[in-house]
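In the working numbering, the protein residues as written are 513 to 1084. Virtual Cβ for every residue (Gly too), placed ideally from N, Cα, C.
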Amino acid sequence: MDLLRSVKDQTDETEFYTPLPDGYKLGATRYVAVFGTVMSGLGKGIFSSSLAKLLKDKGLRVSPIKLEGYLNIDSGTLNPFRHGEVFVLDDGTETDMDLGTYERMLDQNLTGYNFTTSGQIFSAVLEKERAGGYLGRDVQMIPHVTGEVKYRLRNLAVQSSADVVFIEVGGTVGDIENAFYIEALRELSYEEGDGSVMFVALTYVLSPPSLGEQKSKAAQLGIKRLMEFGIHPHIIACRCENPVTDKVRQKISVYTSVPMRRVFSMHDLASIYLLPQQMREAGLDSEVVQLLNFGGKVNSAADARAAVGWERFTSKIGKHANGITIGITGKYTSLRDSYASILKALEHAGVACDAKVEVKWIDTTDITSDSVTEVLCGVDGVIVPGGFGVRGTAGKIECIRYARENKMPYLGICLGFQMAVIEYARNVCGLDEADSTEINPDCKTPVISILPEQKKIEGLGGNMRLGGQDIEIEPDTIAAKMFGATKTIRQRFRHRFEVDPGYVETLEQAGLVFSGNHPVHPIMQILELPRGVHPYFIAAQFHPELTSRPLNPQPMFVGLVKAALERHAAQE
Ligand code: GLN
């Protein structure tokens, strides 16, 4: 190992190549790597975030990382219809929706260090090659590409001062695109030494209805595949519809030499938030503590407190006295993953308000002023979420008009904020041609547009305004009440267009209130209608759903659910 420690650059004298970040101590950090076998979609992110949470509860510092197989540099260019929503971190990194699961489960803000893609790895290696960083050697998958992977994992350990780094390997074992990640983790385990790196295989036990029994063969073969890479799992977690039988666990244990007490049934649950409890009851967390030799570091009192707090939250899931329906207008109406954070934020707010929130998806493509009443019939509140492009915008504006005129609670998010401004400008201020230049580049009254002078101030060129920004809240507004005494809040943005300040006075004189603004520049960030005018009409240029946490629900969603409950009760 001493040799490894000194080998920062590969020379002709050695075949070792392990670039270590400054300040890194080999063997001081623990790593838990989670692989998926048999098939994708098993919930690796949910599994590893729940396990990380259980270790965090015990007083350990944890930091997760997702290793994506795709070649895109980030998730910003991915179609949410295919890949789920783009989750934006406070530092502006555009990531996979799994990072949202980690942030919510851990109640912890993450950064770009917590996310990497093959594209990032390869471009770093190629950049280094062009700069002559490999000293005349041929650049290879092993050790150079794997070296870059290990460097990033260790750099995350340094940056986050984590006791444990949780690594989620994207895709399924056997995919060509994640093979070098698996190899890098084998090398990591070898270099860090015994007891430093723990491997978990998340697998799937089939239960074909025609057979009426559980089958373990696919799981066995999947784990064998992992062992071909030189990785022997310490823990096997079996996803299954129903609890995995002892017989099947025994089979898996025999074929993989993983003791029975480390082969866990991770069967389906009513909510992902029940998983930490399921793991705790199965003793998975204590096995991990033992395997990583953390016994002396565990704070049992903190752990017990965290378990009680969490169970107080989960015990309310699905057991609500009241029910409401929130309509969400969305282009990607067929895929729930495209709006994952909004659904989670509604779930958090529902628990806080003791309400079961049903969602009605509303495709706005064909909505007109004639059909809108029928479409929104039975709905207690409306969300117009973020989006890009023209499709369905006229229908969204119709829904907003209906909500405003009929005192139906409304929450607009990003595009939903911009559409609310257009609706108000057209129907209240009488600016018939009001529009966004995203929808109509030649429009005569561009209340929403890209303002070059503002972009210059923000130093962003024509790019997207991304990540956490401060918002100053106007006193004596709904926003001020909602966000408590804090005058300045921080929320996450992902947009290009904004309200043209030239129209602000007109809109305000007609009664629209801009209750949250950029601290220095005239960028409108929250709008609302006063309580006397409308029970709940509010919209944000940012994405409030990205910062909602189970035990700390986002106030704008809580406000929506509360107002929807009141409307529902009044109509009964
Ligand atoms: N398309 C709009 C913009 O770029 C809204 C973006 C969004 O809703 N995330 O400003």
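Query                                                                                                                                                                 : Result
Just to confirm the assignment: which complete alpha helix (DSSP H) runs, minimum length 4, are found wholly within the segment 867-950?                              : 884-887, 905-917, 927-939
Is the closest heavy atom of the ligand GLN to the C-beta of Phe900 under 7 Å?                                                                                        : yes
Cβ atoms of Leu1039 and Val933: under 8 Å apart, would you say?                                                                                                       : yes
Can you look up Ile752 in the DSSP assignment and give me helix, strand or coil?                                                                                      : Ile is not the amino acid found at residue 752; the sequence shown has Cys there. Correct three-state label for Cys752: strand.
According to the neighbour-count rule (16 or more other Cβ atoms, all chains shown, within 10 Å of its Cβ), is Arg1043 buried or exposed?                             : exposed
By alpha-carbon positions, which one of Ala937, Val676, Thr957 ends up nearest to Lys809?                                                                             : Val676
Straight-line CA distance for Phe1069 to Arg1004?                                                                                                                     : 15 Å
CB-CB under 6 Å to Leu701, same chain, minus the five flanking residues each way: which ones, in chain order?                                                         : Reading off the sequence shown, one finds Ser at residue 701, where the question assumed Leu. Around Ser701: Val709.
Using only the heavy atoms of the ligand GLN, determine whether one of them is closer than 7 Å to the beta carbon of Glu1057.                                         : no
Please state whether DSSP places Thr998 in a helix, a strand or coil.                                                                                                 : coil
Could you tell me whether any non-hydrogen atom of the ligand GLN is closer than 7 Å to the CB of Arg903?                                                             : no
Ignore the nearest five residues each way along the sequence and tell me which others in Gly581's own chain have a CB closer than 7 Å to its CB.                      : Ser630, Gly682, Gly683, Asp687, Glu689, Asn690
Check whether the Cβ atoms of Tyr936 and Val894 lie closer than 8 Å to each other.                                                                                    : no
When you compare only the Cα positions, how much space is there between Glu641 and Thr826?                                                                            : 51 Å
Tell me whether the beta-carbon of Val574 lies closer than 8 Å to the beta-carbon of Leu618.                                                                          : yes
Taking the beta strand (DSSP E) that Ala1051 belongs to, which residues open and close that run?                                                                      : 1049-1052
Using the Cβ count rule (16 or more neighbours within 10 Å means buried), how would you classify Asp947?                                                              : buried
Leaving out the 5 sequence neighbours to the left and right, which residues in its chain are closer than 6 Å to Ile743 when beta-carbon positions are compared?       : Arg698, Phe711
With a cut-off of 8 Å on the beta carbons, I'd call Val717 and Val760 a contact; round off their distance for me.                                                     : 6 Å
On the DSSP bridge list, what partners appear for Pro1062?                                                                                                            : Answer by DSSP bridge pairing: none, since Pro1062 is not bridged.
Cβ of Leu532 versus every heavy atom of the ligand GLN: is any distance shorter than 7 Å?                                                                             : no
Reducing DSSP to helix, strand and coil, say where Asn690 ends up.                                                                                                    : helix
Are the CB atoms of Met778 and Phe559 within a distance shorter than 8 Å?                                                                                             : yes
With a threshold of 7 Å on Cβ separation, who are the neighbours of Ala852 within its own chain once the five nearest residues in sequence on each side are excluded? : Gly596, Glu597, Met609, Gly612
Taking DSSP as the reference, what is the three-state secondary structure of Ser575?                                                                                  : strand
For the ligand GLN, I want to know if Glu823 counts as a neighbour, meaning its beta carbon is within less than 7 Å of at least one of the ligand's heavy atoms.      : no
Is it the case that the CB of Cys941 approaches a heavy atom of the ligand GLN more closely than 7 Å?                                                                 : no
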